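Residue numbers (our numbering), protein chains in the order written: chain R, 1 to 268; chain G, 1001 to 1337.
Worksheet for the structure shown next.
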Amino acid sequence: MRHGVAAFTAAMVIAGAGLIAAAAQAPAYRAPRTADGTPDLNGIWQALNTANWNIEAHPAGPSLVRELGAIAAVPGGLGVVAGGELPYRPEALAKRNENLANRLTLDPEIKCYLPGVPRATYMPHPFQIIQSRQHIMLVHEFAGAVRTVYMENHTEAPADSWMGWSNGHWEGDTLVVDTTGFNDQTWFDRAGNFHSEALHVVERFTPRSPDTLTYDVTIEDPNVFTRPWTMSMPLYRRVEPNAQLMEFRCVEFVEDLIYGHLRKQPSP
Amino acid sequence: MRRRLAVNLTVLVTFGIAATPDAGQAPPDTAAPSYTAPRTPDGQPDLQGFWTNATYTPLERASGVTGPFYTEEEAAARETGAAARETELTVPGTVADVHYDFTQFGLDRSQSAYVRNLRTSLIVDPPDGRIPRVTAEGERRLAARAEAQRQLGGRWDSAEANQLDDRCIIMRGAGPPLMDAAYNSNYHIVQTPDHVMILTEMIHDARIIPLVDRPLGRVPPPDPRLRQWMGISRGRWEGETLVVETTNFNGKNPFQGSTENLRVVERFRRVSDDVLDYAFTVEDETMWARPWSAEAPMTKTVGPLFEHACHEGNYGLYNTLVGARLEERRAAEAAAK
């Protein structure tokens, strides 16, 4: 009997593996093509997860601002990091924890700073892909952040920047974007996960159905992490017929926070 | 030497033949009818690339100038003089010198591509080249705005008392309408079958214009309750010309005094490989007695555009406020002694 259960279990494992193999070999979804024959990723896209709160798994938690009650409470999330835990160097983990403890004053999102990469992609705001042969523009609603992905004439980053310098190419239906030239000012999320200026991001945007993309990201930063690590999530098309990016010109919303203490007549 | 090099790099855009400044003369034909713009893969006129509308031509015709066009000699003399004045802004010890070194590449317009234009004003209608009369309601609005600014106090009293560009909220080049931004007046246009994106270098403002008659169906007009700094734009092709109509402004970024009722119609047409004709008509019944129109052509410039992280690097605003508070404290301490 015990032998029977083991055999049955083994058979299930094999069958399961077979299913996974079959899924991997199944003909992949083929994206529609633009007029020049490249996969067509044009559209307004958005992540539907809690990665911007914390890319690692996290339970629900209270708001940092008492007055906002449940409005700004943190929804729980399963995490988007492969393997679950970020491979921090010990001293970097200490800095992350310090960031986390002081996130109300340190998170660059609070100051309406350009959100960096890959955080811009999974903020709770849509972004639009505007695609031409030479340039693929990633235009984000948050702070009006813009990335230009150079599909031709790849060059090194001319200078450090908030959104990095992105060179792209196609691998089948997948848009692969290789980005370097970052400063060390942006975070991965509101939980203080961070990087240095050595950050190297490789993103893979793969169409998986007419209205979804798979977004796979490989992060390298030897100053902060002991090894490269990856995250993955679906991105969803905003299918509303009147979908459009709205202005989110948040500088105006944070002026009093940043400069209010320097007024001639201090804010109440 | 630097200046000579700059002039050699300048892209000269002239409108037809040289015209004398005679008010009665018809403007030269601006379109080159023989030119057909290259096509995007889906068959639209291709406006893509890096463009600039930097120019020494003023929006309004200067007093004392009567005709719509300068001669070649007059235009060249004006540009040389204007370029020299920009360089003079870098006199050691002056505020302008402390603020910016205009001889740095790009700040002095004549050092990179700029649009040369024989017009004496960008405004082509009314024929006098001047913004039309402000209505009584417009005068009231302008007075209310001035009073609101006065209430904010001086420039060093708070961040909000500063101009929008010093606050890194928006710069005038972003429009619409698109206007010379004094420096970095650069744009990147990217097209898809149903959208046109115009990225303004200054403060990385990307305006995404949906084409109303796109394959997915007509784009409905925007809800009048939606109000934005740059309004909401809708585009359409009229033959070779991209026509963009923008409404739904929030009125907080006035164009030459405009209100939330501003309506802008822009027309983009590529007339050569290197020149994009750009014309706009603005109307705002609250502010002006009649609509008015201008022509501010663009010329090809060298890309790419670099990230303009204005707010993130706005040490100037922070430091001037810190300095003002410090001076007040010192003055108070001196008075207390």
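Don't be surprised by glycine CBs; every beta carbon is placed ideally from N, CA and C.
The structure displayed is predicted, hence computed values, not measured ones.
- Taking a 10 Å sphere around the C-beta of residue 1111(G), we find 16 or more other C-beta atoms and assign the residue as buried.
- The beta carbons of residue 1210(G) and residue 1235(G) sit closer together than 9 Å.
- Around the beta carbon of residue 253(R), fewer than 16 other beta carbons lie within 10 angstroms, which makes this residue exposed.
- Taking the C-beta atoms as reference points, residue 190(R) is found nearer than 9 Å to residue 74(R).
- Pairwise C-beta distances place the segment 1134-1145 of chain G out of contact with the segment 1073-1085 of chain G, as fewer than three of them are shorter than 8 Å.
- The beta carbon of residue 36(R) falls within 9 Å of a beta carbon belonging to chain G, placing the residue at that interface.
- The beta carbon of residue 1176(G) sits no closer than 9 Å to any beta carbon of chain R.
- For the options 41(R), 80(R), 64(R), the alpha carbon positioned closest to that of residue 101(R) is the one of 64(R).
- When DSSP states are grouped into helix, strand and coil, residue 1174(G) belongs to the helix group.
- The DSSP-derived three-state label of residue 110(R) is helix.
- Three or more beta-carbon pairs drawn from the segment 175-195 of chain R and the segment 107-114 of chain R are found closer than 8 Å, and the two stretches are therefore classed as touching.
- Under DSSP, the beta-bridge partners assigned to residue 194(R) are 187(R).
- The CB of residue 187(R) never comes closer than 7 Å to any CB in chain G; the least such distance is about 14 Å.
- Of all C-beta pairs linking the segment 167-176 of chain R to the segment 200-220 of chain R, three or more are shorter than 8 Å, placing the two stretches in contact.
- Residue 1128(G) and residue 1068(G) have their C-alpha atoms spaced approximately 8 Å apart.
- In this structure, residue 51(R) keeps its C-beta atom at 9 Å or more from the C-beta atom of residue 163(R).
- Close CB contacts of residue 85(R) within its chain, under the 7 Å cut and outside five residues either way in sequence, are with 56 (chain order).
- Remark: C-beta atoms of residue 1195(G) and residue 42(R) approach each other more closely than 9 Å.
- Residue state for residue 1300(G) is assigned as strand, using DSSP reduced to three classes.
- Cβ neighbours of residue 1291(G) within its own chain (closer than 7 Å, five residues either side excluded): 1281, 1282, 1283.
- Non-local C-beta neighbours of residue 1259(G) in its own chain, meaning closer than 7 Å and more than five positions away in sequence, comprise 1141, 1251, 1284, 1286, 1287, ordered along the chain.
- Annotated three-state conformation of residue 48(R) is coil, per DSSP.
- Residue-level contact check: residue 1202(G) does not touch chain R, since none of the beta carbons of chain R fall below 9 Å from its beta carbon.
- Among the bridge pairs identified by DSSP, residue 216(R) is matched with 204(R), 232(R).
- For a cut-off of 8 Å, the C-beta gap from residue 1271(G) to residue 1035(G) is around 6 Å, short enough to register as a contact.
- Shown here, residue 1130(G) sits in coil according to DSSP, grouped into three states, outside any helix or strand.
- A Cβ-Cβ separation of about 36 Å leaves residue 183(R) out of contact with residue 209(R) under the 8 Å criterion.
- The shortest CA-to-CA distance from residue 192(R) to any of 97(R), 79(R), 236(R) is the one to 97(R).
- Residue 265(R) and residue 1310(G) have their C-alpha atoms some 26 Å from each other.
- Distance from the CA of residue 1132(G) to the CA of residue 1289(G), rounded to the nearest whole angstrom, comes to 6 Å.
- With a minimum length of 3 residues, the unbroken runs of beta strand (DSSP E) contained wholly in the segment 1214-1301 of chain G fall at 1232-1238, 1241-1247, 1263-1270, 1275-1283, 1292-1295, 1298-1300.
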